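Protein chains in written order, with full-length UniProt numbering: chain E, 1 to 322; chain G, 1 to 322.
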């Protein structure tokens, strides 16, 4: 099943949100337009608006109300991608730094700021209780997550706990907030809203863990970058954490690579050994546990089409292999 | 007269805001704390909170309400400084790029994002009409101003009009919004609020023009950087625009420098000739015109201490020489 088939019945609303996203970024400035157009063209799954729409279906579904949170949520996600790009331009590649021209980084940084501000401006039109609060708290936490990721890069002193906290802030939170705000703008009762919020959290955790697994087991063609890129860039994700616990050879070589990424280190071989280790199964198991918890959250909700869609999305995330 | 003497009667409230600024940035994360502490220690004049406080004195002055806008405004200003720093690290210096380590730029970028988000979070506590809206529109416009400045750098196709639009977005707007929001949280009547808002706009324009003049006429010691740094970095400000209109030698050499900043260009001599040209007087005249307009805005306001303080700040900005 394709992901988009799961929420086919919302297609026309998603298209409306898509068009409005474009109009917000398009209009005001030629430089901005150029700098952000690749993001819009790249498309993406617009998964955050989808969670907003689906969650809103448990209450008074009103697209105008929904837009006021769905568009900011997607814009915030896009802005964070723009800022990640600034960083990636300055990324270590096999121990060497490639730095794009100052011009591009500057435009990218302020374009990211602009999209953030636009998101806030649109959200400020909503008069629903808690919208601004929840959204701004999520932004604060996302930033802390990014800063934690920088701190943790090339840092061996990491545990499952620090990893989970990082991916919570980096990914799970915004998905959880998407469900929460979708429920809020539709005046969904608190009990159901909280269930949707936790569903989003668990699904988000599973999504990021799967992403981190795929970075090892995916092909270069599927990933658009070499397998093991996370580790090579100094990001120690769940498969690496598990593998280092189980295999001293891996632990030794990851350690020496993190201490000196420019030195002689069989990092490709390390990636390959992690890929074929039990760590992948263990990581998959944790992801599956999160999906199970996500499905449990759906239990008490009304049996509507949106519930089935949320169920199917969770299964899709569990089973996705690229 | 020292600037701080003008609003001495607000000192205890400014200290309270200062302390709260610190507590907001201090608490949550050690890396954030480190990255932003130099900003707080550097202090700054906290001129935006001062405008909020003074404007609020024309209505129901309530420090708790005021904080909800004064702190976000100062945080937004601080965040923009942090992001400017990221850029300045990658700045052209005499045609060569000095690039600080990736680490610092990354932390600075996400620290800026974090401070922006914090600002929004605090503002979201305010329930006053228009606060979120005005604040988020100001942020959007500030970002466009930054992007315009990037576009205009090393670009000779500039006029007085593009310059004024740029400094409006870069500087005048946030000061204008400080006055506007100070009035809003104190329920100042619309007519007075709009007067304060325009006062802030005119004062902000004059402030930036004076800043741009001082970049030419100030000493290296006063400025903390060589005179003419703006021009050397490719930013064509008002004195340069005027001087190029009046002096073909200046126009020729500015043009060739902008086209090839790494080439042989007597840019120091150009800076010196601008400094001693009529362009400085002409720029000062425009700044003074803005101050006159600012003072006119104050006319209809009630004769309270805050009115005198706003008057004195405008005169201070007109006469400041470093």
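Glycine residues also receive a C-beta, built at the ideal position from the N, C-alpha and C atoms. These numbers come from a predicted model, not from an experiment.
C-alpha gap between residue i and residue j, whole angstroms
i, j, result
"residue 167/E", "residue 173/E", "9 Å"
"residue 189/G", "residue 191/E", "42 Å"
"residue 74/G", "residue 109/G", "17 Å"
"residue 253/E", "residue 266/E", "7 Å"
"residue 296/E", "residue 23/G", "40 Å"
"residue 3/E", "residue 47/G", "52 Å"
"residue 304/G", "residue 175/E", "51 Å"
"residue 343/E", "residue 291/E", "Limits of chain E in this structure are 1 at one end and 322 at the other, which puts residue 343/E out of reach."
"residue 9/E", "residue 309/E", "10 Å"
"residue 180/G", "residue 195/G", "9 Å"
"residue 61/G", "residue 52/G", "10 Å"
"residue 319/E", "residue 45/E", "17 Å"
"residue 141/E", "residue 169/E", "6 Å"
"residue 124/G", "residue 256/G", "49 Å"
"residue 311/G", "residue 231/E", "60 Å"
"residue 197/E", "residue 19/G", "35 Å"
"residue 277/G", "residue 200/G", "30 Å"
"residue 165/G", "residue 77/G", "19 Å"
"residue 94/E", "residue 261/E", "Its pLDDT being 33, under 50, residue 94/E is placed unreliably by the model, and the measurement read from it follows with that caveat. Their Cα atoms are separated by approximately 7 Å."
"residue 203/E", "residue 294/E", "6 Å"
"residue 111/G", "residue 146/E", "9 Å"
"residue 282/G", "residue 273/G", "15 Å"
"residue 287/G", "residue 56/E", "53 Å"
"residue 25/G", "residue 143/G", "22 Å"
"residue 321/E", "residue 122/E", "35 Å"
"residue 271/G", "residue 271/E", "56 Å"
"residue 133/E", "residue 132/G", "11 Å"
Residue i burial status per 10 Å Cβ neighbour count (16 or more: buried)
i, result
"residue 263/E", "exposed"
"residue 285/G", "exposed"
"residue 221/E", "exposed"
"residue 65/G", "buried"
"residue 193/E", "buried"
"residue 259/G", "exposed"
"residue 218/E", "buried"
"residue 244/E", "buried"
"residue 269/E", "exposed"
"residue 11/G", "exposed"
"residue 215/G", "buried"
"residue 248/G", "exposed"
"residue 105/E", "buried"
Inter-residue CB distance, residue i and residue j (contact presumed, cutoff 8 Å)
i, j, result
"residue 160/G", "residue 241/G", "6 Å"
"residue 58/E", "residue 299/E", "At roughly 13 Å, the Cβ-Cβ gap does not stay under 8 Å, so residue 58/E and residue 299/E are not in contact."
"residue 206/G", "residue 317/G", "5 Å"
"residue 135/E", "residue 226/E", "About 36 Å; that fails the 8 Å criterion."
"residue 120/G", "residue 120/E", "6 Å"
Heavy atom of the ligand FAD within 8 Å of residue i beta-carbon
i, result
"residue 219/E", "For the ligand FAD, the structure offers nothing, since it holds no ligand at all."
Beta-carbon proximity of residue i to residue j, cut-off 9 Å
i, j, result
"residue 280/E", "residue 50/E", "no"
"residue 116/G", "residue 84/E", "no"
"residue 13/G", "residue 63/G", "yes"
"residue 171/G", "residue 148/G", "no"
"residue 178/G", "residue 79/G", "no"
"residue 118/E", "residue 67/E", "no"
"residue 224/G", "residue 275/G", "no"
"residue 324/G", "residue 306/G", "The question about residue 324/G has no answer, for chain G in this structure spans 1 to 322."
"residue 107/G", "residue 150/E", "yes"
"residue 233/G", "residue 153/G", "yes"
For the pair the segment 124-139 of chain E and the segment 178-188 of chain E, tell me if three or more CB-CB distances fall below 8 Å. Yes, since at least three Cβ pairs between the segment 124-139 of chain E and the segment 178-188 of chain E fall closer than 8 Å, the two stretches touch.
Evaluate contact between the segment 200-218 of chain E and the segment 231-248 of chain E, counting only Cβ atoms and requiring at least three cross-stretch pairs below 8 Å. Touching, yes, given that three or more Cβ pairs across the two stretches are closer than 8 Å.
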